[in-house]
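In what follows, a structure is listed as structure tokens, so that the remarks can point back to it.
Numbering (our numbering), first residue to last: 1 to 126.
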């Protein structure tokens, strides 16, 4: 029988987490070992997750599934969506590039390569 599509990545992630857990309590699952590291507990991090099989909907792993979280990655969706709606999918940023120095015969620059940050995104009315 073939393993569900998401079960294999979960096992791989768990194995990677376990490898990085050092001398943590081995009675805990590998994901919990990572979450209990001092860098996260001292920052009062909040963890919740649900890993589901995309084909069957079966829950493969849950951790505080009813805790509402508004993670940074989700927040980015809003700002990127607004930018996409405002400037359009075909917008291209133009970054002026200059050199201060000479190019040799092979094209190698002896000097400075200058990238000029030059402007804000266009306004919604542009």
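Using N, Cα and C, we set each Cβ at its ideal position, and we do this for glycine too.
{"Asked": "Within its chain, find whatever has a CB closer than 6 Å to the CB of residue 64; leave out the 5 residues flanking it on each side and keep chain order.", "Found": "48"}
{"Asked": "Buried or exposed: where does residue 23 fall if 16 or more other Cβ atoms within 10 Å of its Cβ makes it buried?", "Found": "Low local confidence applies: a pLDDT of 49 at residue 23 is under 50, so the model's placement there is unreliable, with the coordinate-based value given in what follows. Exposed, since its Cβ has fewer than 16 Cβ neighbours within 10 Å."}
{"Asked": "At the 7 Å Cβ level, is residue 41 part of the contact set with chain C, yes or no?", "Found": "Here chain C cannot be found, since the structure has a single protein chain."}
{"Asked": "Report the three-state DSSP secondary structure of residue 111 (helix, strand or coil).", "Found": "strand"}
{"Asked": "Helix, strand or coil for residue 100, going by three-state DSSP, please let me know.", "Found": "strand"}
{"Asked": "Helix, strand or coil, according to DSSP, for residue 78 in the structure here?", "Found": "helix"}
{"Asked": "Alpha carbon to alpha carbon, how far is residue 30 from residue 90? Give it in angstroms, no decimals.", "Found": "43 Å"}
{"Asked": "Between the segment 70 to 89 and the segment 110 to 118, do at least 3 Cβ pairs fall closer than 8 Å?", "Found": "no"}
{"Asked": "Should residue 33 go down as buried or exposed, given a rule of 16 or more other Cβ atoms within 10 Å for buried?", "Found": "buried"}
{"Asked": "Is residue 56 helix, strand or coil when you go by DSSP?", "Found": "coil"}
{"Asked": "First and last residue of the alpha helix (DSSP H) that includes residue 32?", "Found": "30 to 35"}
{"Asked": "Using three-state DSSP, classify residue 95 as helix, strand or coil.", "Found": "coil"}
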